[in-house]
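Asker: A single structure is presented below for examination.
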Amino acid sequence: VIATGGSIIYCREAMEHLRSIGVVVYIKLDYETIKDRLGNIRQRGVVFREGQTLEALYEERCPLYETYAHITVDGENMGVEELMEKIANAVKRL
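All the letters of the sequence shown, read from the start, carry residue numbers 44 to 137 under this note's numbering.
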């Protein structure tokens with residue numbers, strides 16, 4: 044498992060490399076869940092363009108995550124064990 048930084052999604056070459064060496068899984072969460080989990084976004088090192096909001100960044104990145112993912116899993120309202128099982132089952136179906 045490689046948990047990359049969010050900005051890697053902007054580098055086509057890096058994403059194609061990850062796709063070539065393994066299975067890319069996008070754990071899809073809604074904006075409010077992401078916002079709650081991030082907490083203090085400045086301390087977390089989230090980089091914004093001038094005037095950009097977290098919600099705008101989320102809307103910009105979601106289509107990219109969906110483009111590069113082999114598997115997209117809805118992770119809303121799930122515990123870790125249930126999510127792991129859902130991902131494992133999806134990988135087996137590839």
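Every residue gets a Cβ at the ideal spot worked out from N, C-alpha and C, and that includes glycine.
1. Within this structure, are the beta carbons of residue 61 and residue 68 separated by less than 7 Å?
2. At the level of alpha carbons, what is the spacing between residue 108 and residue 52?
3. Assuming the contact rule is C-beta atoms closer than 8 Å, residue 115 and residue 71 should be a hit. Round their C-beta distance to whole Å, please.
4. With a threshold of 8 Å, are at least 3 pairs of Cβ atoms found where one atom belongs to the segment 94 to 106 and the other to the segment 72 to 80?
5. From this set, 126, 122, 119, 90, which residue's C-alpha is nearest residue 48's C-alpha?
Answerer: On the basis of the data shown:
1. no
2. 7 Å
3. 6 Å
4. yes
5. 90
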